[in-house]
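> Letter 306 of the sequence shown, counting from 1, is numbered 305 in numbering that gives the first Met the number 0, and no numbers are missing.
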Amino acid sequence: MRCHAGPDARGALSRPRQLRTLLDVQSVHRDIRAAAEGRMSQNVSNANFPTTADGCTYHLGTKRGQVANRILTVGSVARAEMLTKLLTPLAPGMSHPLTVLSSRGFLTSTGLYNGVPVSIVSHLMGMPNMDFMVRECRAVVSGTMAVVRLGTCGALQRPAKLGDLLVASKGCINVRRNPDAWTLGNGTPPYTSSLPVMADAQLSAALVDEAVKELGQQHVVEGLNATADSFYSSQGRLGGDFDDRNDALVSDLCEAHPDLISMEMETFQMLDLARCSRGTIRAASMCIALAERYSNAFLEHTRLGQMEAAAGRVAFAALTKMELVGSGEWDEELVAANMALAAGRVNGVSPVGSAYFDSIDRLVAPEKARRADLERRAE
């Protein structure tokens with residue numbers, strides 16, 4: 000019997016390739032642990048806001064001098080790594096942007112875009128992980144912060160359509176599953192939605208302006224976003240395995256909010272924390288319409304890669320044009336700190352962390368290979 004490395008007729012991987020993939024994943028996990036070993040082997044203090052002895056935060060693993068006050072945050076580590084290629088090193092003697100990969104899988108890359116310090120921080124998935132990202136970046140940065148989320152979402156109703164860049168200029172509502180509906184069984188609504196939390200108007204307008212320049216007006220839509228607390232039930236995805244009681248959820252939300260265009264899982268937490276930051280964080284969100292919920296269509300993967308790069312340029316252009324209180328002083332401190340360390344660094348990170356780039360490359364290698372294969376098939 001001959002074994003084939005590619006997918007079979009049902010799209011499943013053959014056993015040899017499954018084994019290689021499993022071994023690759025296990026190896027990546029070892030690399031991540033090794034990269035973080037020097038930091039996480041330290042004692043952690045302050046149970047209220049845990050940090051290591053040298054000031055690294057508990058989940059993101061970053062400290063002062065490693066994060067800019069202009070931040071592009073994305074869910075996907077592969078997307079973060081791809082967008083890092085748009086940055087140049089912070090200081091002479093660094094051959095790469097400063098990169099930190101935490102033991103929890105959060106990737107932070109800091110470099111220059113058009114001469115202005117910016118960071119790319121992966122927030123992974125869901126509101127709790129967005130909470131880690133915002134709070135722990137705030138803890139290691141001085142001055143006002145500007146944060147843009149670049150994610151993917153489902154387009155809920157027209158004019159939003161597949162492949163568009165959807166800007167949440169009208170803010171975001173939060174949709175949550177209500178467990179009491181199942182516990183009480185007395186007609187309690189199974190889902191609740193909040194009032195909108197607004198995005199920063201100036202930053203949102205800057206995103207729209209840059210997006211129109213990059214993509215054209217026909218591919219940019221402004222409106223209200225919804226952040227759900229899950230991917231399946233709270234986003235109205237239907238299936239027979241669970242009693243989700245969500246058949247009319249999306250249609251009810253669209254009826255209640257005619258300007259609702261998108262749904263995802265992170266934006267609300269970012270905007271909510273920004274409004275609670277005592278004026279120190281300005282935040283806005285835009286997402287690529289990866290799916291049309293009203294037609295059940297899904298974006299081709301090759302087109303997604305093109306949109307990610309274009310949207311990254313949009314975000315960086317908007318962020319670097321924002322005037323932020325205290326940003327000049329923090330930019331100088333950030334660059335000076337990395338100039339002082341550059342002589343002892345390898346590829347933009349300290350020798351103890353030189354496994355970072357190998358870890359990142361291996362972490363995203365399967366995704367890169369999949370994209371390359373799709374591109375070859377499309378030719």
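C-beta atoms are modelled at their ideal positions from N, C-alpha and C, and glycine is treated no differently.
Spell out the partners DSSP gives F297 in its beta bridges.
Your numbering for residue 297 matches position 298 in the sequence shown. The partner list for F297 (beta bridge, DSSP) reads A290.
> Give me the residue from E254, A205, A67 with the minimum Cα distance to L155.
Residue 155 sits at position 156 when you count from the first residue of the sequence shown. For L155, the nearest C-alpha among the options comes from E254.
> Quick one: Cα of A167 to Cα of E307, how far?
Residue numbering aside, residue 167 sits at position 168 when the sequence shown is read from its first letter. Residue numbering aside, residue 307 sits at position 308 when the sequence shown is read from its first letter. Distance between the alpha carbons of A167 and E307 is about 17 Å.
> What does DSSP give as the partner residue(s) for V249 in the beta ladder?
Translated into the one-based positions of the sequence shown, residue 249 becomes position 250. Beta-bridge pairing links V249 to no other residue.
> Between which residues of its own chain and L82 is the CB-CB distance below 6 Å, once the five residues before and five after are set aside?
Position 83 of the sequence shown, counting from 1, holds the residue named residue 82. Hits under 6 Å: I119, G311.
> Could you give the DSSP three-state label for V351: helix, strand or coil?
On the sequence shown, position 352 is the one that residue 351 refers to. With a pLDDT of 32 at V351, under the threshold of 50, the modelled position of that residue is not reliable, and the figure given next carries that caveat. If DSSP states are grouped into helix, strand and coil, V351 belongs with the helices.
> Use the C-beta contact count for T109: other C-beta atoms within 10 angstroms, 16 or more gives buried, fewer gives exposed.
Taking the sequence shown and counting its residues from 1, one reaches residue 109 at position 110. Buried, by the Cβ-count rule.
> Using 8 Å for Cβ pairs, my map puts L289 next to L272. What's the rounded Cβ distance?
For the purposes of this step, residue 289 is identified with residue 290 of the sequence shown, where counting begins at 1. For the purposes of this step, residue 272 is identified with residue 273 of the sequence shown, where counting begins at 1. Not really, about 25 Å apart at Cβ, beyond 8 Å.
> Count the other CB atoms within 10 Å of the CB of L194; is the residue buried (16 or more) or exposed (fewer)?
Working through the sequence shown from its first residue, we reach residue 194 at position 195. Classification for L194: exposed.
> Any beta carbon from chain D within less than 7 Å of Q305's own beta carbon?
Included in the structure is just one protein chain, with no chain D present.
> Look up C380 in the DSSP assignment and give the residues it is bridged to.
As displayed, the chain neither begins before 0 nor continues past 378, which places residue 380 out of reach and without an answer.
> Taking the C-alpha atoms as reference points, what is the distance between M144 and S203?
Position 145 of the sequence shown, counted from the first residue, corresponds to residue 144. Position 204 of the sequence shown, counted from the first residue, corresponds to residue 203. Their Cα atoms are separated by approximately 15 Å.
> Could you compute how far the alpha carbon of V147 sits from the alpha carbon of N185?
The residue given as residue 147 occupies position 148 in the sequence shown. The residue given as residue 185 occupies position 186 in the sequence shown. Distance between the alpha carbons of V147 and N185 is about 41 Å.
> Please list, in chain order, all residues of the same chain as S101 whose beta carbon is under 7 Å from its beta carbon, the five residues on each side excluded.
The residue labelled residue 101 in the question sits at position 102 within the sequence shown. Closer than 7 Å at the Cβ level, and outside the excluded window around S101, lie A35, H58, L59, G60.
> So A317 and A205 are supposed to be a Cβ contact under 8 Å. How far apart are they, rounded?
As a first step, residue 317 is located in the sequence shown; it is residue number 318 there, counting from the start. As a first step, residue 205 is located in the sequence shown; it is residue number 206 there, counting from the start. The pair is a contact, with the Cβ atoms about 4 Å apart (cut-off 8 Å).
> What is the residue span of the alpha helix (DSSP H) that S108 lies within?
Sequence index remark: in the sequence shown, residue 108 carries index 109 (1-based). Premise fails: S108 lies in the beta strand (DSSP E), 106-112, not in any alpha helix (DSSP H).
> Identify whether M264 lies in helix, strand or coil by the three-state DSSP scheme.
Indexing the sequence shown from 1 puts residue 264 at position 265. In this structure, M264 counts as coil in the three-state DSSP scheme.
> Tell me, which residues are paired with T87 by DSSP?
Along the sequence shown, read from residue 1 onward, the residue named residue 87 stands at position 88. Answer is L111, bridged to T87.
> Taking a contact to mean a Cβ-Cβ separation below 7 Å, would you say D243 touches S261 in this structure?
Along the sequence shown, read from residue 1 onward, the residue named residue 243 stands at position 244. Along the sequence shown, read from residue 1 onward, the residue named residue 261 stands at position 262. Going by C-beta atoms, D243 is not nearer than 7 Å to S261.
> Would you identify the three-state DSSP class for M144, choosing helix, strand or coil?
The sequence position of residue 144 within the sequence shown is 145, counting from 1. The answer is strand: DSSP assigns M144 an E or B state.
> Rounded to whole angstroms, what is the Cα-Cα separation between L111 and D246?
In the sequence shown, residue 111 corresponds to position 112, counting from 1. In the sequence shown, residue 246 corresponds to position 247, counting from 1. Their backbone Cα atoms lie some 47 Å apart in a straight line.
> State buried or exposed for G327, treating a residue as buried only when at least 16 other CB atoms are found within 10 Å of its CB.
Start at 1 with the first residue of the sequence shown, and residue 327 comes out as number 328. Under this definition G327 is an exposed residue.
> I'd like the span of the alpha helix (DSSP H) that includes V207, first residue to last.
Within the sequence shown, numbered from 1, the residue matching residue 207 stands at position 208. Taken as a continuous stretch (DSSP letters only), the alpha helix (DSSP H) holding V207 covers 200-214.
> Near N177, which residues of its chain fall below 8 Å by C-beta distance, leaving aside the five closest residues on each side in sequence?
By 1-based counting over the sequence shown, the position of residue 177 is 178. These residues qualify, in order along the chain: T187, P188, P189, Y190, T191.
> For N47, does the three-state DSSP call read helix, strand or coil?
Against the sequence shown, residue 47 aligns to sequence position 48. Coil, per DSSP.
> For L183, count neighbouring Cβ atoms within 10 angstroms of its own Cβ and tell me buried if that reaches 16, exposed if not.
The count along the sequence shown starts at 1 and reaches residue 183 at position 184. The residue in question, L183, is exposed, as its Cβ has fewer than 16 Cβ neighbours within 10 Å.
> Please state the DSSP three-state secondary structure of N128.
Taking the first residue of the sequence shown as 1, we reach residue 128 at position 129. N128: helix per DSSP, three-state reduction.
> Quick one: is Q65 buried, meaning 16 or more other Cβ sit within 10 Å of its Cβ, or exposed?
Here residue 65 corresponds to residue number 66 of the sequence shown, with the count starting at 1. Buried, because 16 or more other Cβ atoms sit within 10 Å of the Cβ of Q65.
> For S121, write down the residues that DSSP places opposite it in a beta bridge.
Translated into positions along the sequence shown, residue 121 becomes position 122. Note: S121 sits in a beta bridge opposite V73.
> Under three-state DSSP, which class holds T182?
On the sequence shown, residue 182 is found 183 positions in, with the first residue counted as 1. Helix at T182.
> In whole angstroms, what separates the C-alpha of D330 from that of G114?
Along the sequence shown, read from residue 1 onward, the residue named residue 330 stands at position 331. Along the sequence shown, read from residue 1 onward, the residue named residue 114 stands at position 115. Looking at the two C-alpha atoms, the distance is approximately 10 Å.
> So what does DSSP say about R14, is it helix, strand or coil?
Translated into the one-based positions of the sequence shown, residue 14 becomes position 15. Confidence in R14 is poor, its pLDDT being 45 and thus under 50, which makes the residue's placement too unreliable to answer from.
> With which residues is C171 paired in a DSSP beta bridge?
The residue given as residue 171 occupies position 172 in the sequence shown. V196, N224, per the DSSP bridge assignment.
> Below 8 Å, how does it come out for the stretch 66-80 and the stretch 119-128: are there three or more Cβ pairs, yes or no?
Result yes; three or more Cβ-Cβ pairs closer than 8 Å.
> List the whole-angstrom C-beta distance separating S68 from G142, where the pair is believed to meet the contact cut-off of C-beta under 8 Å.
Taking the sequence shown and counting its residues from 1, one reaches residue 68 at position 69. Taking the sequence shown and counting its residues from 1, one reaches residue 142 at position 143. The sequence shown places Asn at residue 68, rather than the Ser named in the question. So it is a contact: roughly 5 Å between Cβ atoms.
> Output the distance between the C-alpha atoms of C136 and T56, rounded to the nearest integer angstrom.
Counted from its first residue, the sequence shown places residue 136 at position 137. Counted from its first residue, the sequence shown places residue 56 at position 57. Each residue's Cα considered, the two are about 9 Å apart.
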